[in-house]
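This report concerns only the one structure given below.
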Amino acid sequence: EIDLITPIAMEKGLRFAIREGGHTVGAGTVTEVVE
Numbered sequence: 172e173i174d175l176i177t178p179i180a181m182e183k184g185l186r187f188a189i190r191e192g193g194h195t196v197g198a199g200t201v202t203e204v205v206e
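According to the working numbering, the sequence shown is numbered sequentially starting from 172.
Structural data, given as structure tokens:
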């Protein structure tokens, strides 16, 4: 589970990357959207 600072549109299957200081520190795929 993750809480976003800024709401964004996302759907199941969307790929994402988590970046910090210009470096990728994580990546994944949305498997479930909980509203």
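Backbone N, C-alpha and C define an ideal beta-carbon position, used for all residues, glycine too. This structure is a prediction, so every number in the text was calculated from the model and none was measured.
Pairwise C-alpha distance: residue j and residue i
{"i": "Ala198", "j": "Glu206", "result": "22 Å"}
{"i": "Thr177", "j": "Arg186", "result": "17 Å"}
{"i": "Glu182", "j": "Thr200", "result": "10 Å"}
{"i": "Ala180", "j": "Ile173", "result": "14 Å"}
{"i": "Thr195", "j": "Ala188", "result": "7 Å"}
{"i": "Gly184", "j": "Glu203", "result": "8 Å"}
Residues bridged to residue i [DSSP beta-bridge criterion]
{"i": "Gly192", "result": "Partner(s): none; Gly192 has no beta bridge."}
{"i": "Gly197", "result": "Ile189"}
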